[in-house]
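K.L.:
This is the structure:
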């Protein structure tokens, strides 16, 4: 048996259409198109026509498992299927982050025959959005430290600067650092750290901004730390927002590429789905909706994290209506939620399905709470047995949810045509339900999500969280939406509680104002904002030959 | 009197030609052209025709002064003048660095009516080259620290890792840092620091690489530090060069833009002119020479630093022939070298000219040592008096060097036509003289440059330098060319010795192998590889309005 082709090999064997052709298909005018190479472009949002927006479908998933569910791959294949059925469909997805590409993942632009291309560029620097965010972030850091060094007129307490530097790299050595060493000419010694760029507040800001002006306003609203009098200091007090916005001038425009099926795809922004809201930019979603009849967009992790934030943060700020949802599941993930270890997932196990299906059931119920009718997309894997597939289909009928199997990795859009038809049959009127009203305060928002989505019995605040809460109230930040950072592996805040736990307590450790992005990050556990590299990083396998052909990207 | 327009206002008032038109004018085929936006492109070097190369002219300067001589502005205006006279002329220049743009300089793409455009993009992210270098640099840093963390098979001594991280920002707080704090899961505590990206070895490597394959080879040759047994460790021992080269896949291709006069300009690479060789990339110079009949390229600082390194490093590695040279001077700079303080430079002072002209004389002599006939370009400033201008012209006749005044800031190419004619009259046969043979060893190379160019009587090695020398010999690195890092303000290593000092001693403090770039950095004083921000940074003045119009770039 020959080795199956890798993602990068499949992508390289494909003949891409020039970006001008994709733009024409999408309806993007020449005036709006800003090419980056032959196969990528940015679309100037000031040139996008004001048209009746197309339907928006949210793609979410069950609680993620180490085996991977292929949510982006499913989204891409399904959109290609819609195109094949004659619909004017488009993709709106997040950009991959370079750190994980060099670390474990090796790539994040779909997989197999359901990819966005040129995958090497998209996975590496793409159009430079992450780099521009890194620059803006670190320019602000330099301006803060320079202000302190040059007289500190604002009275910023160096011990209470919360603004961190960032880099798009997996580098555990940068988590905790001391800067400003080397004597008085070299700054004030400061305990600080680096986050990965995807975890920076500027990434979250880009995700929620409506245009350049709104972006600049949000940049100015960033809280960088406290004065010696414990008063919050904003980026605008440092006159930093103009330079930062100038650095993000091109970044604000969404990126247009194509799927392997030739469908236009907007790939833009890449915030974390725990300490940020985990969706592609509002600008990309809206731009795609201006051009397409139906747009598929993704939210990170399972519905408890990504979808909740999509509705309660992104859709709220962006006034987005949604007409449908897809929940991606695999037989392996159901078995994993039924307690099967990673190395046993390939073996048939109907009992584990029976036990683990509660996870999917709860994600279906959760998505329905936002007023949309989800369709379950069963992502086919070669190890799925006929009995397992039959069991899951039988369950769906019993539970009363539309379910279709799709084979997107191996067959691309052709493998998702049935799913596409089912999705179209289940589209509803546009709706935009949110779970809570931020005006009722942060505690109410947390309690509502804990009860409705996580099914916790109780919320407990640590002493530190209670202090944070008081500070939020003192500064008038307590009526912003909340962005709960919780493990993605469980509905609870304990990653070992798989399936559909109940009766648990949500432990709030800290509340961090993200006044630029416009939400309060609620930490419920340790959150890793700077990943490390594994023993054998992907970087060791990535190579390029003399002709410029890249290998080792998955 | 109305305020004169700023550089960015002049650039914004100009109607740019689409990059396709510039490419056509330059002879760049569609297959070779990779657009980045509407007015910038990369040129795929694998698609550049093998043609008889055009003539190459090196633009250098006198010892720089705080007032600024406008070397890049002169180069751009002069090339536009050659175009106006009907020649197929092109620019080859370095890329600006974002750190100084946000710090003091505010921009570095020429000035007035002699600029390369779009200046906002060129000054900010351009086509992402600096960011790609930052990524490659910091990926290597992460791989090093991860190797140490994950068992340290190679036995790397964390105290002797010389590879630093980099960022394209002016941030003094990053000069000396401790990373890896926070316990055993967060790396090994290490004293290290960040350089600005322009000072990184990868920037120097990009500057000297001939193609992607050569780039990858050089990346693998980087020495990252020493083992516990004091053996050098290379990037290739960490399997890092493939991923780094993949990150630099597009970066290796030179960037094509236009001057305000519509002349094609290749802007590529931006290494420091002290700890690196300070020229645009060899690839850009060669690419421009393939398309043009005459190419003007710049070397950093005065002829003692930039021109020497251009001939002894860049031209040597690139097998470049040179047909002419331009030494840029201002009346202000001559007076400054004659001892006049910065705030007195606007006042007529013939005595100071008489006293300071020795600096220019020596630069003329130095350039002649490389076998080329320099032309002196007197950059006109409004404060120059008729008597001063007459004195300088009279001096040139007496000294026996061609000199022309040019008015490039205010008049663009039109203001440099006489200079262009004089340059053409003084072109010689192609030549490529180097001062020393690296095979004769590092000490001979240093002694030769000290004697011939700096006019020092003696070279003294510090105890630390002697130790470094022994290590170089032990590791077989002592037959590489040398890259001497010396103050730019004086021919000596003492910045206060203006004019044309003699009888001085060159003090060698350290010798650092740059085995990737392929030279030995010779430190003769403190070298600042991470600048700081001034009390009021340019970033505070840079702004962007809702229509995307940037202000505050100079």
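Residue numbers (the UniProt record's numbering), protein chains in the order written: chain A, 1 to 554; chain X, 1 to 554.
Using N, Cα and C, we set each Cβ at its ideal position, and we do this for glycine too.
#1: Within the same chain, show all residues whose beta-carbon is closer than 7 Å to that of residue 347/X, passing over the 5 residues directly before and after it, in chain order.
#2: With a Cβ-Cβ cutoff of 9 Å, do residue 491/A and residue 481/A count as a contact?
#3: Taking Cβ positions only, does residue 96/A come closer than 9 Å to chain X?
#4: Taking the alpha-carbon of residue 199/A as reference, which of 134/A, 152/A, 54/A, 141/A has the nearest alpha-carbon?
#5: Could you pull the DSSP bridge partners for residue 36/X from this structure?
#6: Give the residues from the segment 202–216 of chain X that approach chain A closer than 9 Å (Cβ to any Cβ), ordered along the chain.
#7: Should the segment 182–199 of chain X be regarded as contacting the segment 220–239 of chain X, the criterion being three or more beta carbon pairs within less than 8 Å?
#8: With a cut-off of 8 Å on the beta carbons, I'd call residue 122/A and residue 96/A a contact; round off their distance for me.
#9: Checking the sheet assignment: what are the DSSP bridge partners for residue 507/A?
#10: With distances taken from CA atoms, which of 49/X, 58/X, 280/X is nearest residue 428/X?
#11: At what residue ranges does the segment 309–345 of chain X contain a whole run of the beta strand (DSSP E), taking only runs of 3 or more?
#12: How is the alpha helix (DSSP H) around residue 223/A delimited, first residue to last?
#13: Would you tell me roughly how many angstroms separate the C-alpha atoms of residue 566/X and residue 472/X, rounded to the nearest one?
#14: What does DSSP give as the partner residue(s) for residue 165/X in the beta ladder?
#15: What in chain A is Cβ-close to residue 249/X, meaning under 8 Å?
#16: Consider the Cβ of residue 67/X: report whether some Cβ of chain A lies at a distance smaller than 9 Å.
#17: Under DSSP, the beta strand (DSSP E) around residue 230/A begins and ends at which residues?
#18: Report yes if the C-beta of residue 210/X is less than 8 Å from at least one heavy atom of the ligand MG; otherwise report no.
#19: Note down, in chain order, all residues in the segment 177–188 of chain A with a beta-carbon under 9 Å from any beta-carbon belonging to chain X.
#20: Check whether the Cβ atoms of residue 328/A and residue 69/A lie closer than 9 Å to each other.
#21: So, is residue 536/X buried or exposed, given that buried needs 16 or more other C-beta atoms within 10 angstroms?
#22: So, is the C-beta of residue 199/X closer than 9 Å to a C-beta in chain A?
#23: Assess contact between the segment 160–168 of chain A and the segment 129–145 of chain A, defined as three or more Cβ pairs (one per stretch) separated by less than 8 Å. Is contact present?
#24: May I have the straight-line CA-CA distance separating residue 534/A from residue 146/X, to the nearest angstrom?
#25: Quick test of the definition: if touching needs 3 or more C-beta pairs under 8 Å, does the segment 360–373 of chain A touch the segment 430–438 of chain A?
#26: Enumerated in chain order, which unbroken segments of the alpha helix (DSSP H) with a length of 4 residues or greater are wholly contained in the segment 237–291 of chain X?
#27: Does DSSP put residue 90/A in a helix, a strand or coil?
#28: Where do the N-terminal and C-terminal ends of the beta strand (DSSP E) with residue 403/A fall, by residue?
#29: Quick check on this structure: which residue in 463/A, 442/A, 390/A, 383/A has the alpha carbon closest to the alpha carbon of residue 67/A?
#30: Let me see if you follow: with CB-CB separation under 9 Å, is residue 143/X close to chain A or not?
#31: Is residue 544/A helix, strand or coil when you go by DSSP?
#32: Name the chain X residues that come within less than 8 Å of residue 285/A, Cβ to Cβ?
#33: Against chain X, does residue 1/A count as a neighbour if the rule is that its beta carbon must be under 9 Å from one of theirs?
#34: Hey, is the segment 85–100 of chain X in contact with the segment 283–299 of chain X, meaning 3+ C-beta pairs nearer than 8 Å?
#35: Report yes if the C-beta distance between residue 446/A and residue 254/A is below 9 Å; otherwise report no.
#36: Here's the rule: buried if 16 or more other CB atoms are within 10 angstroms of the residue's CB, otherwise exposed. What is residue 317/A?
P.N.:
Looking at the coordinates:
#1: Translated into positions along the second chain, residue 347/X becomes position 347. If we look at residue 347/X and ignore the five residues flanking it on each side, it has no Cβ neighbours.
#2: The residue given as residue 491/A occupies position 491 in the first chain. The residue given as residue 481/A occupies position 481 in the first chain. Cβ atoms of residue 491/A and residue 481/A: not closer than 9 Å.
#3: Position 96 of the first chain holds residue 96/A. Chain X, which has no Cβ nearer than 9 Å to the Cβ of residue 96/A, makes this no.
#4: Sequence index remark: in the first chain, residue 199/A carries index 199 (1-based). It is 134/A.
#5: As a first step, residue 36/X is located in the second chain; it is residue number 36 there, counting from the start. 36/A, 40/X.
#6: 211, 212, 213, 216
#7: no
#8: By one-based count along the first chain, residue 122/A stands at place 122. By one-based count along the first chain, residue 96/A stands at place 96. Right, their Cβ atoms sit about 6 Å apart.
#9: What you label residue 507/A is simply residue 507 of the first chain in a count that begins at 1. Answer is 460/A, bridged to residue 507/A.
#10: Looking up residue 428/X in the second chain gives position 428. The candidate whose alpha carbon is nearest that of residue 428/X is 58/X.
#11: 324–329
#12: As a position in the first chain, residue 223/A is number 223, starting the count at 1. Residue 223/A -> not in any alpha helix (DSSP H); beta strand (DSSP E) instead, spanning 223–227.
#13: In this structure chain X extends from 1 to 554, so residue 566/X is not present and cannot be described.
#14: Locating residue 165/X in the second chain gives position 165, counting from the first residue. In DSSP, residue 165/X forms a bridge with 194/X.
#15: Here residue 249/X corresponds to residue number 249 of the second chain, with the count starting at 1. In chain order: 120, 124, 544, 548, 550.
#16: What you label residue 67/X is simply residue 67 of the second chain in a count that begins at 1. No - not a single Cβ of chain A is within 9 Å of the one on residue 67/X.
#17: Within the first chain, the letter at position 230 stands for residue 230/A. Segment: none, residue 230/A is in no beta strand (DSSP E) and carries neither H nor E.
#18: Because no ligand of any kind appears in the structure shown, any question about the ligand MG cannot be addressed here.
#19: 177, 178, 179, 180, 181, 182, 183, 185, 186, 187, 188
#20: Sequence index remark: in the first chain, residue 328/A carries index 328 (1-based). Sequence index remark: in the first chain, residue 69/A carries index 69 (1-based). Yes, Cβ-Cβ distance for residue 328/A and residue 69/A is below 9 Å.
#21: The residue you call residue 536/X lines up with position 536 of the second chain. Exposed, because fewer than 16 other Cβ atoms sit within 10 Å of the Cβ of residue 536/X.
#22: Taking the first residue of the second chain as position 1, residue 199/X is located at position 199. Judged by the 9 Å Cβ criterion, residue 199/X is not in contact with chain A.
#23: yes
#24: To locate residue 534/A, count along the first chain from 1; it is residue 534. To locate residue 146/X, count along the second chain from 1; it is residue 146. Whole-angstrom Cα-Cα distance: 8 Å.
#25: yes
#26: 241–247, 282–291
#27: Taking the first chain and counting its residues from 1, the one referred to as residue 90/A is at position 90. Reduced to three states, the DSSP call for residue 90/A is strand.
#28: In the first chain, counting from the first residue as 1, residue 403/A sits at position 403. Counting along the chain, the beta strand (DSSP E) containing residue 403/A begins and ends at 402–406.
#29: Position 67 of the first chain, counted from the start, is the residue given in the question as residue 67/A. The option with the nearest alpha carbon to residue 67/A is 383/A.
#30: The count along the second chain starts at 1 and reaches residue 143/X at position 143. At least one chain A Cβ lies under 9 Å of residue 143/X.
#31: Residue numbering aside, residue 544/A sits at position 544 when the first chain is read from its first letter. Strand, per DSSP.
#32: The count along the first chain starts at 1 and reaches residue 285/A at position 285. Within 8 Å Cβ-Cβ: nothing; residue 285/A doesn't reach chain X, min ~21 Å.
#33: Sequence index remark: in the first chain, residue 1/A carries index 1 (1-based). The pLDDT assigned to residue 1/A is 46, lower than 50, so where the model puts this residue is not dependable; a value taken from the coordinates is nonetheless given after this. For residue 1/A, the answer is no, since every Cβ of chain X falls outside 9 Å of its Cβ.
#34: yes
#35: Here residue 446/A refers to the residue found at position 446 of the first chain. Here residue 254/A refers to the residue found at position 254 of the first chain. Not a contact, by the Cβ cut-off of 9 Å.
#36: In the first chain, residue 317/A corresponds to position 317, counting from 1. By the neighbour-count rule (16 or more Cβ atoms within 10 Å), residue 317/A is buried.
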